[in-house]
Structure formats: structure tokens, C-alpha cells
Amino acid sequence: MQLVLLRNNMKILIVEDEPKTGTYLKRGLTAAGFVVDCARDGRDGLHLALTDSYDLVVLDVMLPGIDGWEILREMRRADKQTPVMFLSARDQVDDRVKGLELGADDYLVKPFAFSELLARVRTLLRRGSTVTAFENIKVADLVLDLPHHCVMRGGQRIDVTAKEFSLLELMMRRQGEVLPRALIASQVWDMNFDSDTNVIDVAVRRLRAKIDDDFAVKLIRTVRGMGYVLEAPGP
Ligand code: CA
Numbered sequence: 000m001q002l003v004l005l006r007n008n009m010k011i012l013i014v015e016d017e018p019k020t021g022t023y024l025k026r027g028l029t030a031a032g033f034v035v036d037c038a039r040d041g042r043d044g045l046h047l048a049l050t051d052s053y054d055l056v057v058l059d060v061m062l063p064g065i066d067g068w069e070i071l072r073e074m075r076r077a078d079k080q081t082p083v084m085f086l087s088a089r090d091q092v093d094d095r096v097k098g099l100e101l102g103a104d105d106y107l108v109k110p111f112a113f114s115e116l117l118a119r120v121r122t123l124l125r126r127g128s129t130v131t132a133f134e135n136i137k138v139a140d141l142v143l144d145l146p147h148h149c150v151m152r153g154g155q156r157i158d159v160t161a162k163e164f165s166l167l168e169l170m171m172r173r174q175g176e177v178l179p180r181a182l183i184a185s186q187v188w189d190m191n192f193d194s195d196t197n198v199i200d201v202a203v204r205r206l207r208a209k210i211d212d213d214f215a216v217k218l219i220r221t222v223r224g225m226g227y228v229l230e231a232p233g234p
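Note that the sequence shown covers residues 0 to 234 in numbering that gives the first Met the number 0.
Listed below in C-alpha cells is the structure:
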């Protein structure tokens, strides 16, 4: 199975005139690890969408100045192929169809749960994500060397299996994020999580023995009842 993950610091533009919704989205997406810009009206939104480079644009439909439809139209006219997700309070089928016809990639009706938005954002970004294969990922003195498919800690090479490499890649790309067992199961083993199996726990234990046991600073932590997190301990 090919592990497709998001690179760090993906940039999202939110165009939303409702301050409360805008702030809520910005806070949530920033906490999820994205770099977020916010525009409060259509003109600023269009300007940013055309001049800056984003991995995704989240567009409210009803905006002062220029509406969301027009922003998308102008973006596509300028050959900006950035994925666009519409947010709209209007839940008419017509609007949804219009959005998709104009080339929107997704359409979410307000009110929505943040978790739903986040899941869809990740799906869209994954779909458009191409820049993942040739880079190193670092957490403290742990380095995942993707081009050479090897793991180093403190300058010392560590031998891992292919599954352990995928597991480590997932944990390092999403460093600081508590990863539930079910998510690890679906991303690394491509299977549904069955709580009777201890496959994940065994794999994490083995990985820990390799990357943490011989080092004073431990990077992988168990979060009881939730899952596992890999992060550099704070100062
Ligand atoms: Ca609005």
C-alpha cells in the first residue's frame, strides 16, 4: 500500500466575512498544523487567492464585494488550479451543483462540525498532494531519510522493517498529534481496526525499542485510552 500523507506547513486561505466562523476555522485549522490566512471580504480574498500560493482555498459563498462564485471563476480564469471548498448556509441543491460546475472540489453546508470540515480538507489536500516523496523529516535528533529509505537517530543508523518505516513516517509527519489506533491501522495496515487485535501496540512497542530505548530522550508516548504521539519533549 502506498502511504499518502500531507507535508508540513500546507497553506490554506479562508475567505469568510462572518468573524466568528472565520476565527473558529482559523483556530481549528492552525491547531491541526496548517498555515492559515484569512480574508474578510471578496476583494481581499480574490487578491490573496491570485497573488499568493495556497494548497487549498475555503470560500464562503455570500461575501461582501465579490461573492464566492466570482472568486472561483476568476481563479480558474487566471489558471489557478488550487482546490476550492465552498462553505455555504444555503443548502439548495442548485447551489451545490453550481459550485461543482464552476470547478469547486467540495461543498460544505453550514452549520457543520469542525471534524467534518477537517476530514474533507485532508482528503482534498491528499488528492492534490504531490510533494511528499523526496525530503527528510526530522523530529529532535531523529531523521527519516525518505530518498534513501532509512532512519537515523543521533547520527546512528537504525534498521527498521518496511511497516515500521511507514508507521514512523506517519507519526513523524503528524508529530505532536495523538494518533488513535484506528487511524494508524487504516493508514499503515490498510485495515479496519479491531479492538481485539494488538497488532498496533506490538508494532509501536517494537519501533520504540529501536528508536527510543537506547536514548535518554523518549520521542514516542502512549496517551492512555487515546493512542500514540511522537514529539520532541518541550524544554
Ligand atoms: Ca458570508
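Where a beta carbon is used, it is the ideal one built from N, C-alpha and C, also for glycine.
- Here the alpha carbons of K79 and S52 stand approximately 9 Å from one another.
- With a beta-carbon spacing of about 6 Å, L55 and L124 fall inside the 8 Å limit used to define contacts.
- Considered as a whole, the region 118 to 199 harbours 135 to 138, 141 to 144, 149 to 152 and 155 to 157 as its complete beta strand (DSSP E) runs of no fewer than 3 residues, in chain order.
- The three-state secondary structure of S52, taken from DSSP, is coil.
- Burial check for P18: the Cβ neighbour count within 10 Å stays below 16, so the residue is exposed.
- For a cut-off of 8 Å, the C-beta gap from G64 to R42 is around 4 Å, short enough to register as a contact.
- With 5 Å as the limit between CB and the heavy atoms of ligand 1, the residues that fall short of it are D16, D59 and M61.
- Taking 8 Å as the cut-off, the beta carbon of I11 is found no closer than this to the beta carbon of L45.
- Between V138 and L229, the C-beta spacing is below 8 Å.
- Rounded to the nearest angstrom, the gap between the Cα atoms of R26 and M9 is 15 Å.
- A straight-line Cα-Cα distance of about 15 Å links R76 and L47.
- Shown here for M225: same chain residues with a beta carbon closer than 8 Å to its own, the five before and five after excluded, namely V177 and P179 in chain order.
- Looking from the CA of I210, the closest CA among I157, S87 and G175 belongs to I157.
- Comparing alpha-carbon positions, the option among I199, T22 and H148 lying closest to A161 turns out to be H148.
- By the Cβ neighbour-count rule, V216 is exposed, with fewer than 16 other Cβ atoms within 10 Å of its own.
- Within the region 26 to 82, the beta strand (DSSP E) runs of at least 3 residues that lie entirely inside it are, in chain order, 34 to 38 and 55 to 59.
- Taken atom to atom, the span from the alpha-carbon of K109 to that of L49 is near 26 Å.
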